[in-house]
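K.L.:
Quick note on our numbering: the sequence shown kicks off at 1 and runs consecutively. Glycine residues also receive a C-beta, built at the ideal position from the N, C-alpha and C atoms. What follows is a structure written as structure tokens; I'll ask about it next.
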Amino acid sequence: MPVLTRLIPSPVVVDIRPGALDDLACVLADERISQSGRLAIAVSGGSGARLRERIAPSLPGATWFEVGGGTIDDAVRLAGDMRGGHYDAVVGLGGGKIIDCAKFAAARVGLPLVAVATNLAHDGLCSPVATLDNDAGRGSYGVPNPIAVVIDLNVIREAPVRFVRSGIGDVISNVSAVADWELSHRVNGEKIDGLAAAMARQAGEAVLRHPGGVGDDGFLQVLAEALVLTGIAMSVSGDSRPSSGACHEINHAFDLLHPRRAAAHGEQCGLGAAFAMYLRGAHEESAAMAEVLRRHGLPVLPEEIGFTVDEFVRVVEFAPETRPGRFTILEHLDLRTEQIKDVYADYVKAIGR
Ligand SMILES: [Zn+2]
1 MPVLTRLIPS PVVVDIRPGA LDDLACVLAD ERISQSGRLA IAVSGGSGAR LRERIAPSLP
61 GATWFEVGGG TIDDAVRLAG DMRGGHYDAV VGLGGGKIID CAKFAAARVG LPLVAVATNL
121 AHDGLCSPVA TLDNDAGRGS YGVPNPIAVV IDLNVIREAP VRFVRSGIGD VISNVSAVAD
181 WELSHRVNGE KIDGLAAAMA RQAGEAVLRH PGGVGDDGFL QVLAEALVLT GIAMSVSGDS
241 RPSSGACHEI NHAFDLLHPR RAAAHGEQCG LGAAFAMYLR GAHEESAAMA EVLRRHGLPV
301 LPEEIGFTVD EFVRVVEFAP ETRPGRFTIL EHLDLRTEQI KDVYADYVKA IGR
């Protein structure tokens, strides 16, 4: 009788705790990711410089690379600079931009990537995707999953609280994204990967139901783990389906229609998710989600991030065009402008001001 199984591309090391950064060299050596300590570490010039000062003495074999920003050019330049250095691994030490640059560069030079996240702004820290700005705007590039993910909760506490809040909105939106996936399964017969859906939904539910806040380690631990599991859920399904539905189409529409005024990724996704839940008739879930988002200081109404109702209606109308081929509650209902206005008015009444 064959034992049917599958291998999941996932990190060898997931180290999430206060003080994790101080043990980075030991952990990488113990896990045989880097026994020689020859690491290429990508950091930002700004907040990265302070961290570099702090941990450089514990990483004597490392070479440090300053990364300018989050463009494809920055990533290609980084890969070029690292070439021929005989490193064991590339370490991306910073926020999403630095980690995505390092992910892309590591893939290009054929080295494993260690993601050391210094904030929890979104679920990209452990995903098989690098999001980089290019001439056409913004592109998503498929890359291998990080071999190790290290999150030092003491470092996370030093990040601006807005970045932590953003991660909350992003992971809570999983609940809506999975509901969109199930809708597409019912309506179109789209295949659901049950494991990926379970991981993404449980991550979202854990954060949604956790009584704590951004100030306590217990909550930050659950949030960081939820973001890592969401990234792995994307590796399991092979795309962003477990964590990206109408919520993310609305987020992309904000970004594309208002590139200069757009709010943080997770702020827009959380708002998008609460509204999408209402659209699908899950009114209680929508209100509960809105309440949690509010408790964490996240927006649930467009005016809270500087947009008028008409602008939001246009965003919702445009949203399906941002992800052709993805079927969500937005494509399913295919609402006209006036209908979006009406349902938005009902949503505002339902969640209360
Ligand atoms: Zn997201």
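1. Decide if the region 100-108 is in contact with the region 78-85; the criterion is three or more beta carbon pairs, one per stretch, under 8 Å apart.
2. Could you check whether the Cβ of His86 sits closer than 8 Å to any heavy atom belonging to ligand 1?
3. What are the residues that DSSP puts in a beta bridge with Ser237?
4. Ala226 and Ala203: beta carbons closer than 9 Å?
5. Taking Ala233 as the reference, give the member of Val292, Ile192 and Pro2 with the closest Cα.
6. Short of 6 Å in beta carbon distance, which residues of its chain neighbour Gly48, apart from the five on each side in sequence? Order them along the chain.
7. Examine the Cβ distances between the region 285-293 and the region 154-161 and report whether three or more of them are shorter than 8 Å.
8. In angstroms, rounded to a whole number, what distance separates the CA positions of Ile33 and Val90?
9. Exposed or buried, what is Gly70 when buried is set at 16 or more other beta-carbons lying within 10 Å of its beta-carbon?
10. Beta-carbon within less than 6 Å of Ala200's beta-carbon, same chain only, minus the 5 sequence neighbours each way: which residues are those?
11. With a threshold of 8 Å, are at least 3 pairs of Cβ atoms found where one atom belongs to the region 269-276 and the other to the region 301-321?
12. Hey, would you say Val155 sits closer than 9 Å to Val143, going by beta carbons?
13. Is it the case that the CB of Gly124 approaches a heavy atom of ligand 1 more closely than 8 Å?
14. Identify, in the order they occur along the chain, each residue of the same chain with its Cβ nearer than 6 Å to the Cβ of Ala262, setting aside the five sequence neighbours on each side.
15. Which residues does DSSP pair with Asp133 in a beta bridge?
16. What did DSSP end up calling Glu205 once you bin it into helix, strand or coil?
17. Can you check the region 58-109 for any alpha helix (DSSP H) of at least 4 residues that lies completely inside it and give the ranges in chain order?
18. Look at the alpha carbon of Arg314 and the alpha carbon of Thr337, and state the distance between them as a whole number of angstroms.
19. Could you give the C-beta distance for Asn119 and Val67, rounded to a whole number, given that I count them as a contact under 8 Å?
20. Assign Cys26 to one of two classes, buried (16 or more other C-beta atoms within 10 Å of its C-beta) or exposed (fewer than that).
21. Over what stretch of residues does the beta strand (DSSP E) that includes Ile340 continue unbroken?
22. Quick check: does the Cβ of Gly245 come within less than 8 Å of any heavy atom belonging to ligand 1?
23. Does ligand 1 have even one heavy atom less than 8 Å from the beta-carbon of Cys26?
24. Taking all protein chains shown into account, do 16 or more other C-beta atoms lie within 10 angstroms of the C-beta of Glu267, making it buried, or fewer, making it exposed?
25. Pick from Asn188, Ser127, Asp74 and Gly84: whose alpha carbon is nearest that of Ser240?
26. If the criterion is Cβ atoms closer than 9 Å, does the pair Asp152 and Asp30 meet it?
27. For Phe312, I'd like the list of residues in its chain whose CB is within less than 6 Å of its CB, leaving aside the five on either flank, ordered along the chain.
28. So, at 8 Å on beta carbons, what are the nonlocal neighbours of Glu190 in its own chain, with the 5 sequence-adjacent residues on each side left out?
29. Can Val316 and Tyr278 be called in contact, C-beta distance under 9 Å?
30. Should Ser235 be counted as a contact of ligand 1 given a C-beta to heavy atom distance under 8 Å?
31. Hey, quick one: how far does the alpha helix (DSSP H) through Arg38 stretch, first residue to last?
32. Cβ of Ile99 within 9 Å of Cβ of Gly124?
P.N.:
According to the data block:
1. Yes, since at least three Cβ pairs between the region 100-108 and the region 78-85 fall closer than 8 Å, the two stretches touch.
2. Between ligand 1 and His86, a heavy atom-to-CB distance of less than 8 Å is absent.
3. DSSP output for Ser237 lists no bridge partner at all.
4. Taking 9 Å as the cut-off, the beta carbon of Ala226 is found closer than this to the beta carbon of Ala203.
5. It is Ile192.
6. So the qualifying residues of the chain are Gly94.
7. Note that the region 285-293 does not touch the region 154-161; fewer than 3 beta-carbon pairs, one per stretch, sit closer than 8 Å.
8. Spanning the two alpha carbons is a distance of roughly 10 Å.
9. Buried, because 16 or more other Cβ atoms sit within 10 Å of the Cβ of Gly70.
10. Excluding sequence neighbours, Ala200 sits near Asn174, Val178, Thr230, Ala233, Pro242 and Ser243.
11. Yes, since at least three Cβ pairs between the region 269-276 and the region 301-321 fall closer than 8 Å, the two stretches touch.
12. In this structure, Val155 sits away from Val143, with a CB-CB distance that is not shorter than 9 Å.
13. Flag set: Cβ of Gly124 near ligand 1.
14. So the qualifying residues of the chain are Phe254 and Asp255.
15. Asp133 is bridged to Thr71 and Arg138.
16. Glu205: helix per DSSP, three-state reduction.
17. Complete alpha helix (DSSP H) runs here, min 4: 72-82 and 96-109.
18. Each residue's Cα considered, the two are about 8 Å apart.
19. Between the beta-carbon of Asn119 and that of Val67 there is about 15 Å, and that puts the pair past the 8 Å contact cut.
20. The residue in question, Cys26, is exposed, as its Cβ has fewer than 16 Cβ neighbours within 10 Å.
21. DSSP places Ile340 outside any beta strand (DSSP E); the residue lies instead in the alpha helix (DSSP H), whose first and last residues are Thr337 to Ile351.
22. No.
23. With a cutoff of 8 Å, Cys26 does not count as near ligand 1, since its C-beta is closer than that to no heavy atom of the ligand.
24. The residue in question, Glu267, is buried, as its Cβ has 16 or more Cβ neighbours within 10 Å.
25. Of Asn188, Ser127, Asp74 and Gly84, the residue nearest in Cα terms is Ser127.
26. Cβ atoms of Asp152 and Asp30: not closer than 9 Å.
27. Cβ contact annotation for Phe312 (same chain, cutoff 6 Å, sequence separation greater than five): Pro302, in chain order.
28. Cβ-Cβ distances below 8 Å link Glu190 to Trp181, Ser184 and Phe327 in the same chain, with the five nearest sequence neighbours on each side left out; the list follows chain order.
29. When the beta-carbon positions are compared, Val316 and Tyr278 stay at least 9 Å from each other.
30. For ligand 1, not one heavy atom lies less than 8 Å from the Cβ of Ser235.
31. It is not in any alpha helix (DSSP H) - Arg38 carries neither H nor E in the DSSP assignment.
32. When the beta-carbon positions are compared, Ile99 and Gly124 come within less than 9 Å of each other.
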